[in-house]
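2 protein chains.
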Amino acid sequence: MEWVCTSCGFTRGLFEEYYWKCPRCGKPLSIRYSVRGEILSSRNTWERYRGFIPFMPEKTRGEGLTPIVAEKYSPHTLLFKLEYMNPGGSFKDRGSALAVYYGYKMGFEKTVVDTSGNTGISVALYSKLYGLESMIIMPRTAPLGKRKAVSRIGGKVVEAEDRLAASSIVEKYISDGDVYYVAHLWNPLYIIGHATMVYEVYEEYGVPDYVFAPVGSGGLILALAYGFEKLLEQGLTKKLPRLIGVQGYSCQPVYEVLHGKRIEGEDSSLADGIMVYNPPRVKEIAEKIDRSHGEVVLVGNSEIQSSLEELWQNGFLVEPTSATVYAAYKKIKNEIPGDATILLVLTGSGLKTL
Amino acid sequence: MEWVCTSCGFTRGLFEEYYWKCPRCGKPLSIRYSVRGEILSSRNTWERYRGFIPFMPEKTRGEGLTPIVAEKYSPHTLLFKLEYMNPGGSFKDRGSALAVYYGYKMGFEKTVVDTSGNTGISVALYSKLYGLESMIIMPRTAPLGKRKAVSRIGGKVVEAEDRLAASSIVEKYISDGDVYYVAHLWNPLYIIGHATMVYEVYEEYGVPDYVFAPVGSGGLILALAYGFEKLLEQGLTKKLPRLIGVQGYSCQPVYEVLHGKRIEGEDSSLADGIMVYNPPRVKEIAEKIDRSHGEVVLVGNSEIQSSLEELWQNGFLVEPTSATVYAAYKKIKNEIPGDATILLVLTGSGLKTL
């Protein structure tokens, strides 16, 4: 079980030392591990997926194993993966359950993370669970409900002017000393943790033809790619889905890398969860999407708003960022074959936004 | 499959006509049905419990199959049932999924319900799903977040001065014509639906020794009694748990019936979900608790508030009403044998209250 830098070849034992990025070349790290096995059908916990994750956290708050709702949206079958029904209200809990536990095992007593919101709730929650102090650096523009949630859980909210200012506050904390920078944009445990949703989809519905996911840091879409590749590796499937990444017109770094240009369009700031201007894994994201014969679809506020209303009135109580995938689906559905099975990941709870 | 009045013996086919109470004697009705079977282990849906419910609704939004978190709270093992991780943010979705579907099958085009909040979100959600108009009568004191949620789902919020005024508004709607009074305090489909949580607990952990649940209308505690009795009937268990109903000092009708007196104590209005002064099934509730060798435990605002904070900081993001069960557990834990397994039902999401 070890850290691996796929850029420069650096390796080191996972529990020897913690790095939030490659100490040699500064690129994001991966984790190599050799457990494998079948999906276990026992209790409704991650015990089922022991063969797919490097270690089991000691504690759980019911993360993962979220419902999947299948609906006919003529002519397609849509599978809605209800990630907003996680304990902290978003899919981030999957990654945090592993990543924060790892920091605890490594002996850290404090965690720090910079986030637009959902990761903050999640990191605060799992930090507190293991008795760690957490400092959550959030931009002023983060929704009030998310900031309140962090405080009530017992995390310390540190307000930053914007995401860039947040990064420099993080650097100060790191240079000050013994703090675990959870670094969800970098930390491969987020990718490995989020990927558990793929095994759940596989168990109930097999491998879909298309997968729609919002792309901010890209942790989610990379996790989807990772999970389906794991199924392929272990001989459980022969096909991989097309990955459709969804970004807003206001912040389209993956689109730019993929197509070498921008498309101007409406403001998309309603989708606050995906306003990440410099995702560190941007090239990897564009490559995974490209190799899957996928695409990046861009959406704007009016599409997000109308999709959000439609989802609420259809019983999916999500936040605006989650609505981007439904907006994107409607935008390109005529280009998708009629017999396709399509997975839409609904990432975050709208109950926080009331 | 039929309506049964256990008070006067009235019976009628379930799909012949809808009654919200016995048309002959005015008491709450039961439903008799003969399906039975083993728990199926296939998809993560209620298909598993087909042998325990009279019919399967056509649509789902992922209600039920919520996580169970087991923790050692020396000396006891506590099982937290995370009912706040339901699609509308509370356990009420279990009952509404059945009850609203039934109204739809009976040809109604409008639903009406009087509620402090969670039932309103839930009834609005499932009504919209089947294309029914919903009118949700809520007291002014209902939390703003809950009222907003109903509107965003597409339900019509009708404001009442208090719960009593709400009842008379309901009566007006009913006398005006063809409207389905969902009547969660009366409707046995809420009891049958909520009872599915018992089969989930049974599948993962067997039958616990104690069960703590908040008691407002009493639908939840009756459902727990009902579910465990079903397991007994079908030969799946020989023991029944002690039922501990939790009420607030400000509103203790079940305690009064059970003990023939009140206990004065601190205001308990923080637990808005259990301020039901005249639960129509109050005698039945007291009987079930008594026969289980259980008890009613009363709590007040300061206990609720400190339990709420403790739960949030322990990763359970619940609303104040849910915290009553943890407050009650702490209050009587010294009277519980050390080897007991204890189920605490955490009923509603705190994300709505930010």
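Protein chains in written order, with this note's numbering: chain A, 23 to 376; chain B, 23 to 376. Each residue gets a CB set at the ideal place from its N, CA and C atoms; glycine is no exception.
Tell me the DSSP secondary structure of residue i in three-state form.
i: B/K15; result: Residue coverage of chain B in this structure runs from 23 to 376, which leaves residue 15 of chain B outside it and unanswerable.
i: A/L62; result: Residue placement at A/L62 is poorly supported in this model, since its pLDDT is 48, which falls under 50; the coordinates still yield a value, given next. Of the three classes helix, strand and coil, the one that applies to A/L62 here is coil, per DSSP.
i: B/E317; result: strand
i: A/R264; result: strand
i: B/L151; result: helix
i: A/V444; result: Nothing can be reported for residue 444 of chain A, as the shown portion of chain A is limited to 23 through 376.
i: A/V134; result: strand
i: B/Y203; result: strand
i: B/L258; result: coil
i: A/S197; result: helix
i: A/S239; result: coil
i: A/T88; result: coil
i: B/L166; result: helix
i: B/M219; result: helix
i: A/R72; result: helix
i: B/A247; result: helix
i: B/N300; result: coil
i: A/K355; result: helix
i: B/D393; result: Only positions 23 to 376 of chain B appear in the structure, and residue 393 of chain B is not among them; the question remains open.
i: B/S42; result: Note that residue 42 of chain B corresponds to Trp in the displayed sequence, not to Ser. Residue state, collapsed to three classes: coil.
i: B/L335; result: Before going on, a small fix: residue 335 of chain B reads as Gln here, not Leu. Reduced to three states, the DSSP call for B/Q335 is coil.
i: A/I285; result: coil
i: B/R83; result: coil
i: A/T141; result: helix
Identify the residues that DSSP records as bridge partners of residue i: which are they?
i: A/A182; result: A/P161
i: B/P210; result: In the DSSP output, where bridge partners are listed per residue, B/P210 has none listed.
i: B/T363; result: B/T99
i: A/W379; result: The first residue shown for chain A is 23 and the last is 376, placing residue 379 of chain A beyond what the model contains.
i: A/C273; result: A/G270
i: A/F234; result: A/I266 and A/L366
i: B/S112; result: B/G370
i: B/L104; result: B/L368
i: A/S189; result: Bridge partners of A/S189: none, in fact.
i: A/S156; result: A/T133
Pick out whichever of the options has its Cα sitting closest to the Cα of residue i.
i: A/L151; options: A/G139, A/K170 and A/E131; result: A/E131
i: B/I354; options: B/I311, B/E331, B/I266 and B/K305; result: B/I266
i: A/G322; options: A/K261, A/Y202, A/Q269 and A/M157; result: A/Q269
i: B/L36; options: B/L320, B/M128, B/K352 and B/A146; result: B/M128
i: B/K247; options: B/I307, B/Y202 and B/L292; result: Note that residue 247 of chain B is Ala in the sequence shown here, rather than Lys. Answer by Cα proximity: B/I307.
i: B/Y126; options: B/H281, B/I326 and B/E39; result: B/E39
i: B/E357; options: B/Y232, B/S138 and B/I191; result: B/Y232
i: A/Y41; options: A/Y203, A/D198 and A/Y95; result: A/Y203
i: A/V122; options: A/Y277, A/M160, A/V201 and A/D184; result: A/V201
i: B/R162; options: B/R185, B/S144 and B/S156; result: B/R185
i: A/P359; options: A/S96, A/W68, A/S138 and A/V91; result: A/S96
i: B/L280; options: B/V319, B/D361 and B/L211; result: B/V319
i: B/K194; options: B/V134, B/G31, B/C44 and B/E85; result: B/V134
i: B/N336; options: A/T82, A/F77 and A/C47; result: A/T82
i: B/Y271; options: B/G199, B/Y299 and B/V229; result: B/Y299
i: B/C47; options: B/T28, B/A188 and B/K94; result: B/T28
i: B/M219; options: B/P50, B/K114 and B/S190; result: B/K114
i: B/T137; options: B/V192, B/R313 and B/M107; result: B/V192
i: B/T141; options: B/G199, B/V172 and B/Y71; result: B/V172
On the premise that residue j lies in contact with residue i, defined as a C-beta separation below 8 Å, what is that separation, rounded to the nearest angstrom?
i: A/G177; j: A/A146; result: 3 Å
i: A/I214; j: A/I75; result: 6 Å
i: B/P79; j: B/A119; result: 5 Å
i: B/F250; j: B/V367; result: With 8 Å as the limit, B/F250 and B/V367 do not qualify as a contact, their Cβ atoms being about 13 Å apart.
i: B/L373; j: A/L373; result: 4 Å
i: B/L100; j: B/I364; result: 5 Å
i: B/G238; j: B/I143; result: So it is not a contact: roughly 15 Å between Cβ atoms.
i: A/K170; j: B/L253; result: In fact, because the Cβ distance is near 41 Å, the residues do not count as touching under 8 Å.
i: A/V347; j: A/P236; result: 6 Å
i: B/S328; j: B/Y106; result: The Cβ separation is near 19 Å, so there is no contact.
i: B/L383; j: B/P342; result: In this structure chain B extends from 23 to 376, so residue 383 of chain B is not present and cannot be described.
Item to check | Selection of the stretch 109 to 134 of chain B by Cβ proximity to chain A, strictly under 9 Å | outcome: P109, G110 and G111
Residues of the stretch 153 to 179 of chain B in Cβ contact with chain A at a cutoff of 7 Å, in chain order, please. G167, K170, A171, R174, I175 and G176
- Item | Positions along the stretch 310 to 336 of chain A whose CB lies within less than 8 Å of some CB in chain B | E331, W334, Q335 and N336
(message) Please list, in chain order, the residues of the stretch 88 to 107 of chain A that have any C-beta partner in chain B closer than 7 Å.
(response) P89, V91, L104 and M107
(message) Beta carbons nearer than 7 Å to chain A: which residues of the stretch 135 to 152 of chain B have them?
(response) L147, K150 and L151
Item checked: Selection of the stretch 183 to 195 of chain B by Cβ proximity to chain A, strictly under 8 Å -> none
task: Please list the residues of the stretch 358 to 375 of chain A that have a C-beta atom closer than 7 Å to any C-beta atom in chain B, keeping them in chain order.
output: S371, L373 and K374
Item to check | Chain-ordered residues of the stretch 254 to 270 of chain A with a beta carbon less than 7 Å from chain B | outcome: none
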